[in-house]
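A.B. asks: One structure, as structure tokens, below. Some questions next.
This is how it looks when you write it as structure tokens:
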């Protein structure tokens, strides 16, 4: 009998605490995403501390996790370049993200990107990031690495807008509207 009373007491306690636990978890997930502070080097070998050194008041980040995702990035480039020409405070950046690895690996990866990207005019806008991918994705609330993440952030790193994957007409319209608000 004592066992049943103790069990019922624990059950009632769980039922009473469950809504509070779920509310706390929901609040944690609703925290706004903020780009973490990362120091890196763009392909033109300029040291950059993100997000504070980004040139725009609004910055479109095309974040890839695998080389094969370049095709998804390319779907966004015409719009990104057009917006940069028509909005004075807007800049775009390509951020290929890899695990931190050692110095030789990072040098090799960056050199390979430089040789693949034949237009040196784009080098300042391509910033390879070498970071813990899981922590990076968690900070920005990026669900997975299966497709690119497209984020519009301000200079403080606050995520103002997001999409994933190749550009679609609705994503284009949504980004244009978000940019008009900022």
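Numbering (my numbering), first residue to last: 185 to 366.
Yeah, the Cβ is synthetic: ideal placement off N, Cα and C, and Gly gets one too.
1) Is the CB-CB distance between residue 245 and residue 334 below 9 Å?
2) Can you name, in chain order, every residue of its own chain whose Cβ lies under 6 Å from the Cβ of residue 329, other than the five neighbours on each side?
3) Which complete beta strand (DSSP E) runs does the segment 305-341 hold, if anything under 3 residues is left out?
4) Could you name the residues of the same chain whose beta carbon sits closer than 6 Å to that of residue 224, not counting the 5 residues immediately before and after it, in chain order?
5) Which same chain residues end up closer than 8 Å to residue 364 when comparing Cβ atoms and leaving out the 5 residues on each side of it in sequence?
6) Starting from the C-beta of residue 192, find all residues in its chain whose C-beta is less than 6 Å away, skip the five residues before and the five after it, and write them out in chain order.
7) For residue 320, count neighbouring Cβ atoms within 10 angstroms of its own Cβ and tell me buried if that reaches 16, exposed if not.
8) Buried or exposed: residue 287, going by 16 or more other Cβ atoms within 10 Å of its Cβ?
9) Using the rule of at least 16 other Cβ atoms within 10 Å of the residue's Cβ for burial, across every protein chain shown, is residue 291 buried or exposed?
10) How long is the line joining the alpha carbons of residue 215 and residue 280, rounded to whole angstroms?
11) Let me know the secondary structure DSSP gives residue 235 once reduced to three states.
12) In this structure, what does DSSP give as the bridge partners for residue 345?
C.D. replies: This is what the structure holds:
1) Numbered from its first residue, the chain shown carries residue 245 at position 61. Numbered from its first residue, the chain shown carries residue 334 at position 150. Yes, the Cβ-Cβ distance between residue 245 and residue 334 is below 9 Å.
2) As a working note, residue 329 is residue 145 in the chain shown. Taking C-beta separations shorter than 6 Å and ignoring five residues to either side along the sequence, the partners of residue 329 in its chain run 249, following chain order.
3) 333-338, all fully within the segment 305-341.
4) Counting from 1 along the chain shown, the entry for residue 224 is found at position 40. Excluding sequence neighbours, residue 224 sits near 232, 311, 313.
5) For the purposes of this step, residue 364 is taken as residue 180 along the chain shown, with counting starting at 1. So no residue of the chain qualifies.
6) As a working mapping, residue 192 is identified with position 8 in the chain shown. Note that residue 192 has pLDDT 49, beneath the 50 cutoff, so the model's placement of it is unreliable and the number below is only indicative. Counting only Cβ-Cβ distances below 6 Å, and skipping sequence neighbours, we find nothing.
7) Residue mapping note: residue 320 aligns to position 136 of the chain shown, counting from 1. Its Cβ being crowded by 16 or more others within 10 Å, residue 320 is buried.
8) What you label residue 287 is simply residue 103 of the chain shown in a count that begins at 1. So residue 287 ends up on the exposed side.
9) For the purposes of this step, residue 291 is taken as residue 107 along the chain shown, with counting starting at 1. Exposed, since its Cβ has fewer than 16 Cβ neighbours within 10 Å.
10) The sequence position of residue 215 within the chain shown is 31, counting from 1. The sequence position of residue 280 within the chain shown is 96, counting from 1. Approximately 25 Å between the Cα atoms of the pair.
11) On the chain shown, residue 235 is found 51 positions in, with the first residue counted as 1. Of the three classes helix, strand and coil, the one that applies to residue 235 here is coil, per DSSP.
12) The residue you call residue 345 lines up with position 161 of the chain shown. According to DSSP, which records beta bridges pairwise, residue 345 is partnered with 336.
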